[in-house]
Amino acid sequence: MNFGFTEEQELLRDQVRKFMQGACPLSTVRKIMATDDGGSRALWQQMAELGWLGLVVPEAYGGLGLKWVDLTVVLEETGRGLSPLPLVSHTLAAVALARCGTEAQKKAWLPALASGSTTATLALYDEPNWIHPDAVTLTAKNRRLVGSKPFVADAGVADLFVIACRTEAGLSLALVPRDATGVAVALQPIMDRTKRMGTVTLDVVLAPDQFMALADDDLAYLTDCGAVAVTAELVGAAEATLAMTTAYAKQRVQFGNLIGKYQGVKHRLAEMFVDIESFKSLLYYAAWTVDDAPHELPRAASLAKAYASDAAARIGIDGVQLHGAIGFTAEYDVQLYLKRTKWARPAYGDSDHHYERVAALGGL
Amino acid sequence: MNFGFTEEQELLRDQVRKFMQGACPLSTVRKIMATDDGGSRALWQQMAELGWLGLVVPEAYGGLGLKWVDLTVVLEETGRGLSPLPLVSHTLAAVALARCGTEAQKKAWLPALASGSTTATLALYDEPNWIHPDAVTLTAKNRRLVGSKPFVADAGVADLFVIACRTEAGLSLALVPRDATGVAVALQPIMDRTKRMGTVTLDVVLAPDQFMALADDDLAYLTDCGAVAVTAELVGAAEATLAMTTAYAKQRVQFGNLIGKYQGVKHRLAEMFVDIESFKSLLYYAAWTVDDAPHELPRAASLAKAYASDAAARIGIDGVQLHGAIGFTAEYDVQLYLKRTKWARPAYGDSDHHYERVAALGGL
Amino acid sequence: MDFELSASEEAFRQEVRDFLKENLPPPRERGPNFLSEWLTKVRAKRWVGFSWPKEVGGGGGSIIEQAILKEEMALAKAPPLGMSMMGLAWVGPGIIQYGTDEQKQRFIPDILDSKVTWCTGYSEPNHGSDLAAIQTKAELTADGKHYVVNGQKIWTSLAPWADWIILLTRTQFDVDVKHKGITCLLVDMKTPGVEVRPIENMAGDRHFAEVFFTNAKVPVENRLGKEGEGWMVTVSALANERSSIGEVTQLYDKLDTLRDLVKRSKKNGQPASNDQSTRRRIAEFEAKIAAMKYNGMRYLTKQLKGEPLSSETSVNKLHRASLEIDMDDFAVALSGAAGLELAGGAEAVDKGKWAKASLGWPNVVIGGGTPNIQRNIIAERILGLPKDGSD
Amino acid sequence: MDFELSASEEAFRQEVRDFLKENLPPPRERGPNFLSEWLTKVRAKRWVGFSWPKEVGGGGGSIIEQAILKEEMALAKAPPLGMSMMGLAWVGPGIIQYGTDEQKQRFIPDILDSKVTWCTGYSEPNHGSDLAAIQTKAELTADGKHYVVNGQKIWTSLAPWADWIILLTRTQFDVDVKHKGITCLLVDMKTPGVEVRPIENMAGDRHFAEVFFTNAKVPVENRLGKEGEGWMVTVSALANERSSIGEVTQLYDKLDTLRDLVKRSKKNGQPASNDQSTRRRIAEFEAKIAAMKYNGMRYLTKQLKGEPLSSETSVNKLHRASLEIDMDDFAVALSGAAGLELAGGAEAVDKGKWAKASLGWPNVVIGGGTPNIQRNIIAERILGLPKDGSD
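So the protein sequences, as listed, match chains A, B, C and D. Position 74 (the first sequence) corresponds to 658 in this note's numbering; numbering is contiguous. Position 137 (the second sequence) corresponds to 721 in this note's numbering; numbering is contiguous. Position 258 (the third sequence) corresponds to 296 in this note's numbering; numbering is contiguous. Position 56 (the fourth sequence) corresponds to 94 in this note's numbering; numbering is contiguous.
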C-alpha cells in the first residue's frame, strides 16, 4: 500500500508548476481571458511538446500512456495557476475516443490529439443540471445532425467536437470537425472567463465513421472522468485560494493586530485546510480507481466531486470575504478563484447529484 | 403598531420569573426529575392559585381570558427555569376543549382545568414523526376505545387525557379520565426527565359526551398552538443556555486568557444571540396571530417552530461544548438544557415538517 | 402587542398609496423628465428627509410613518426619495446635529432638493474597517483659514459622481487613543488636489473609488463639529441608520423572484419545485427574512418607547449578509451550467441577473462592516464579553 | 499510488483472519473464561504492544501491519488487544522511550500481560486543555527518596478501575515558561493519600473521575524521565497516537447501522429511505468517513516514507468530532419522539442506543482536545498563523 506519489510524479508536478509560474502566470492568464476565443496557441503548443496533451493516451496512439493519477498531478497544478488552456476538455475527448472508438477511429484521431495538432473537446449533456442518459437530447437522423449543443467547454479553441447525441442506433458520440460545413460556434459570456463555454449550432451530415456507440456505462464513465478532472483542478484552485488568504492574514493589520491572529479568521482558514485535505484524499483514491479499480470509480468519483463542489464554492466565497474589500476588486486575483469554484460546482454533477448517487450506491 | 409587551405583561413576566427562581429553582427541578411521576402537586397548586392554569381559558369558564401573547410571557419564563410542571400540555388540553367542545362539555370540564382541580393533557398523533390527520390511528368503535396512545406528554400527572382518535363520525377527541376502568399508564424513560412522556393503554367504553368532533382544521390549529407553546419555552431555555455559557466564558481562563476573549467562543455566542432574537421575534408574531390573525397562524407558527427547532438544538449542543468537560457532568445544569432542546425538536413538528409547510404555503 | 396601525397611520399609508398611484407610471410610460418631476413632487410632499425636523426643511415624520413610507416605496419599486443617498442617510443628520447655522443653510436645502450629492470618505487603504486608525492628515494653515489635506481614502462609494465628500481627517497624531485627534471636514470634490480613481469590482462595476488628496485646501468654516471631535460626529452619523423595513421589503421581493425562478426551473429532469431541498432552502430564506422583519419591528418599538437601542441592528446585518450571499448563489447553483451565463448568454437565466448579483454581494456584506465585526459587536456590546486582541 | 497490499502483508492479513475465525466465537458462545483466554492468546501472538520493540516484549510490527491488525480487529468487533488502553496507548511507549531499565522490567510486562491497568493524570480543574498550566505539586523529601504529591486531577478516565496512574506534577513553580518545572511520576493508585471520586456524565455513565492527592508519597525511582522534563515526556507520549484506521472501521460500521435504521424508519408517513435530505445526510457522513480513511492512508504513507508528520492528524480529529455529534443526533432526530426514549422505553429505537449515544459525544469531542483547539493547531502549526491571546 502506498498512498503517495512516485518520484517521477513529483518531478512532473514540479515541471507543471514551473510551467504555470513561468509561462502562464496570472498576468498571462488575464491576457488570455481578454482574448475573444480564450485561447493561446503558443502556450498550448508548449504543453503539447511537453507531452501533456496525450498524457493518458496509450503509447500505441502517440500518447505517454500514463495513468489518471499522473494526470491528477498535472491538473492540480494547472488548477492552482487557473490555467485557461483546454487541457481537461481535450483530455476527456481523447478518453472518449480511446474508450468508444473503433481501432480505425482511434488511429485516425488519437495521434493528432496527443500531439496537439488537433484540439478537441467533449460535450455530453444538453441540460444544464441533469446528469442522465435522458439529458442527451440532440438527435441525428440518417447521420444528419441538426440542432445545437449548449455548454460546450472550451468551444472557442476546439478543432474537433466530440458530441453526445441520439441516433437510430441509440446513444452515440459524433465527431464533428469545427471547420465542417454547417457548424457554427457562439461563445457565451460566463462568469469564469478561464473556462469559456459556447453553443455549437449544427446542421451537418456526417460519415459513418464519425459516429461512435456510447453505452450508458460509457456515458457514466466519461462523466466520472470529468468529475475527477474538475475536482483535480479544484484542489489546486482551492489550495491557491487558501495560500493567498493565509498570506494576506499574515500581513494585514486591523484594530491593532494581524487579522491572522483572530480566531474568526484562523478557524475559517483551518476549516478550509480540513476540507481541502479531505477532498484531495477522496480525489486521489478516485483517480487511482480510474485505471486500477474501475468498478469502484462511480462511488469514489461521486464522493470526491460531491465534497469538493460545495467545499470549494464556500472556500471561493470566504477567500474573497476574508480579504475584505480588496478581495473583490477586479485587479485582485482571489476573486478569479471564486469564479472558478462557481464554474466547477455544476460541472459533471453538483453535490445534490453525487450525494444522491452515493446514497443509492450505499443501498438506500 | 406595537411589537412590545404591556406593563401588565412585564409584571406577569416578573411574577413567573420570581416564582421559578424562588419556588422552583433548578435544585427543585432536579428533585422533581427524581420522582416517579415527575410531578409536584404543591407547586402545581401554587401555579393554579396564581391563575396560570387557566390563563387563556375564557373568563366565562373560570379562566383569566388572556391571550396567547400573555401565555408566551409565562412559558418563556417556565422554559428559562426548565419547569417540569405540565403547563403546556394542560393548557393545550384546555384549548382543545374550548375549541372543540360543546357548551356542555366546556362547562363540565374547563372550570376544573382552570382551577387546577383537574390536570389534563392533550395527545394527538400516534406516529413519532408525522404531523398529519392520517397519523391519528387509534380507533374507537361503538364508543369503545381500544389500543394505546404513545408519547403522551406529562402522562404521569394528568387526571384527564384528551386523546385524538378515529370514530365512526371521523376524527374525534376523546375525554378519558385517568381513573376510568380500563386505563393504564406507563411512563417511558426519555432523555429529558423534565418532560415525561408515557403510553396510555386503553380498553374503555366512553359516554357520548366524552367525544368531541375534531375537524382537520382543528387538528392543525391545536398542532400550531403546540408548536407556539413549545417554541415559547424554547426561547427561555435557549436564553438560559446562552446566559450560562456567556457567564462561564467571562470567568474561565484557558491558555492565559478568559475564553470569552477568543473569537471562536465569542462568535459562536453572538450567533446564538442572533438565532434566539430571531426565533423569538417569529414566535411573538405567531403568538399574536393565534388570537388576532388566525388565518396567519399556520405560516407564522411554522416559521417560528422550524427556525427554533434547529437553532435551539445547536445551541443546546454548543452550550455544553463551550463549557468543555464540566458541561457534560450530570451535576452541571447546562446539559439539562441540551436535553430539553432535543425533546423540543420533534414536538409538534420538526424543521423538515415546518419548512416544507412554509414552502407549500408560499406556493411551491 | 399589536400589529394593527392606528387610524392616522392607516390614513398616511393610504396617502402614500394614492400618491404612488397618481405619480408613478409603469417604467415603460416614464418620459425623460420623469425623474426630476418625481423628485420635485416628493420634495413638495416633504418626504425627502422625512424624519428630519421641519425647521431645516425636513418632514418631521414619526418613526412609524417613516417605516410606512419606506415600505410602500419599496413595494412600489419607486425611485429613491432624493438623489443623495449618503447625504440623506448620514451627512444631513450629521450637519443637523453638529453643524453651524451657516452650514445648515448652505448644505441641507441642496441635499433635500437633490441638487448636490455626497459621498463619505471614511476607509483608508491600511485600515478598512478600523475607521479610528485613519491617517489622512489635515493641517491648519498659519492664518487659521484653511485646512490642508493630504492622504488617501478608498472604497468610497459613489465618489465618481459625488459633488461633496464628508471626510474623516487626522489633525493630531500624538494621541493616547486613536479615536482622538480626528476632525470631520466637508469637502467640495472640485477642490484642486482632489482626485478620484474608480475601482472595478469582480462583477465589472465601478461604484467604488479611491480618492486622493494632495495639498487640498478646505476652508475652516467647512469643518463639521469641533477640531478633534470627528470621531463622535461620525459615530453619531453612522448610528443614524434606522430600521431596515425597506430592506426587508426588497428581500421579500427578491424571494418572490426566486420562488418564481424555482417554479420555472428543472433539476435532475424534474420540476425544481418538487425538489425537497430546494423547497427547504426557499423556506429557510423566508424564515430569515421574516425574522428580520419582526426583529426590526421589535427594535422600532423599543425606539418608540424611548429605550436606547444597543447594537441589536447587528442581528439583522448578519442575516442580511448571509441572505445577500446565499440567495443569489442558490439561484446560480439551481440553474447548473446555465446559471453561470451572464447577460447576453444564449442560456442565461433571467438575463444573467443572478450570475451578476452573485458577484456583487461584497458591496453589502463587506461595506457595512464585515460579519466578523458584527459578531464582535454583539459579543462585546450586548453580551459583555471581553474585547479581543491587545486593544 | 497503490492500494494493493504486498504479498507478505496479505499473508499477515490472512493470518489475522484465520486467528479470528478460530478464536473469536460469536458473543453468545463465549464462556466466562473467554476474555482471559483471548488475552493470553493475543499476547502469545505478540499482538499486544504490536508496534513496540521486540526487546521489551512487543511485536516489532510494521506500521502497515499494525493498520491491518487494527482494521481486522475492528471489522470482527473483537475485544481489545490487552486491557490497559492507556497503558498501551501512552504509558508503555513513554516508559520505553524515557524509562530506566528497571522501570521497563517492572512495568512493561504487566501492561502486555493485562495484569495492570493505567490511567493518565493530566487535566486539572482550572485548566482543562491547557496541560502545561498544571499546579499539582510534587516535593522531594529531605532524604531524596520520595516525592510528596498534593493536588487534584480531573477528567481522569478509567480512574475508578485503574491500578496505576501516570501523573504530571509541578516540581518547580518559579519558571519563566509554564512548560518548565513539570515532572512525570508513575503512581500506584493504592498509595495512601490518593482518593478517586467518580464523575457522573449527562448520559448517566461514570467513566471519569476526580483524583485527589494528599501528601501521597511516591518513591523517587518512579519518576519517569528527569525532573523538570515531564512536559517533553508527555508530548512524546501523546504524539504516539498512530493512524486512525481502527476508528474509521468503527465509523463505517456505525454508518451501516445508521443506514439500516433509515431503511426501517418512516418519516412523514413515508419510508425514510425515500426522503431526499435523509439520503443526503447519510451520503455526507460517508464522504467524511471516506475522507478520514484516505487522509489516514496519506498520513500513514508519509510516516512510511520517514517524513515527519506535522499536525495533520487534527484534520481527522475534527471530522471525528463532528461525526460523533452528528450521527447520533441525526438518528435521534430521524425517529422523532421515539428517538428520545432510552433503554426500556416502549417505543425506544434500537433499545435507546442512539438516544444514549447522543449524550455521550463529549467523551470523545472534548476529551481529545476541543475542536477549537484542533483548529488553532492547524492554523498555527500547519498554516503558520500567529498565536492568539497574549501568549
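Note that beta-carbon positions come from the ideal geometry of N, C-alpha and C, so glycine has one too.
Between Lys305 of chain D and Asn713 of chain B, the C-beta spacing is below 9 angstroms. With a contact defined as Cβ atoms closer than 8 angstroms, Leu627 of chain A and Leu596 of chain A miss out at about 18 angstroms.
For Ser195 of chain D, the three-state secondary structure derived from DSSP is strand. For Gly754 of chain A, the enclosing beta strand (DSSP E) begins and ends at 754-761.
Three or more beta-carbon pairs separated by less than 8 angstroms link the stretch 800-814 of chain B to the stretch 659-678 of chain B, which places the two stretches in contact. Distance from the Cα of Lys394 of chain D is smallest, within the candidate group D:Glu385, D:Tyr185, D:Gly377, D:Leu356, for D:Gly377. Taking the Cα positions, Glu60 of chain C is about 20 angstroms away from Gln104 of chain C.
Looking at the DSSP output, Tyr932 of chain B shares a beta bridge with no other residue. Here the C-alpha atom of Asp808 of chain B lies approximately 25 angstroms from the C-alpha atom of Ala692 of chain B. When 9 angstroms is used as the limit between beta carbons, Gly848 of chain A is near these residues of chain B: Gln847, Gly848, Lys850, His851, in chain order. Between Ile203 of chain C and the set C:Leu224, C:Gly268, C:Ala247, C:Ile320, the nearest pair of CA atoms involves C:Leu224.
The C-alpha of Ala748 of chain B is placed about 8 angstroms away from the C-alpha of Leu722 of chain B.
At a cut-off of 9 angstroms between C-beta atoms, Lys834 of chain B counts as an interface residue with respect to chain C. Counting along the chain, the unbroken beta strand (DSSP E) around Gln772 of chain B starts and ends at 767-772. Going by beta carbons, Ser274 of chain D and Leu372 of chain D fall outside the 9 angstroms limit. If the five residues before and after Arg319 of chain D are omitted, its C-beta is found closer than 7 angstroms to the C-beta atoms of Phe368, all from its own chain and listed in chain order. Straight-line measurement puts the Cα of Val86 of chain D at about 14 angstroms from the Cα of Phe57 of chain D. Between the C-alpha atoms of Arg419 of chain D and Lys845 of chain B there is a straight-line separation of about 21 angstroms. Closest option to Gln847 of chain A, judged by alpha-carbon separation, among C:Ala197, C:Glu324, C:Leu296, C:Arg413: C:Arg413. Flagged as an interface residue toward chain D: His938 of chain A, by a C-beta distance shorter than 9 angstroms.
Counting of Cβ neighbours within 10 angstroms places Phe857 of chain A among the buried residues, the total reaching 16 or more. As computed with DSSP, Tyr185 of chain C is found in a beta bridge with C:Leu178, C:Val256.
Contacts with chain B (Cβ-Cβ distance below 9 angstroms) from the stretch 180-194 of chain D involve Ile192, Trp193, listed in chain order. Excluding sequence positions up to five before and after Val653 of chain B, its CB lies within less than 6 angstroms of the CB of Ala871, Trp872, all in the same chain and listed in chain order. Contact annotation: Leu818 of chain B and Ala896 of chain B have beta-carbon atoms nearer than 9 angstroms. Rounded to whole angstroms, the Cβ separation of Val256 of chain D and Val234 of chain D is 16 angstroms, and the two are not in contact under 8 angstroms. At a cut-off of 9 angstroms between beta carbons, Met828 of chain B makes no contact with chain C.
Nearest Cα to His245 of chain C within the set C:Val402, C:Gln308, C:Ala176, C:Asn253: C:Val402. Contact check between the stretch 704-712 of chain B and the stretch 724-742 of chain B: three or more CB pairs, one atom from each, fall below 8 angstroms, which counts as touching. Burial of Glu823 of chain B is indicated by the presence of at least 16 other C-beta atoms within 10 angstroms of its C-beta. Boundaries around Ile220 of chain C are those of the beta strand (DSSP E), 220-226, since no alpha helix (DSSP H) includes it. Note that the C-beta distance between Leu887 of chain B and Leu866 of chain B is below 9 angstroms.
Taking 9 angstroms as the cut-off between beta carbons, the residues of the stretch 300-334 of chain D near chain C are Asp313, Gln314, Ser315, Arg318, in sequence order. A distance below 6 angstroms between beta-carbons, with the five flanking residues on each side excluded, links Ala892 of chain A to the following residues of its chain, in chain order: Thr815, Leu818, Phe863. Residues of the stretch 776-790 of chain A with a Cβ closer than 8 angstroms to any Cβ of chain C, in chain order: Asp776, Met781, Thr783.
Restricted to the stretch 319-390 of chain C, the alpha helix (DSSP H) segments that are unbroken, complete and at least 4 residues in length are 351-372, listed in chain order.
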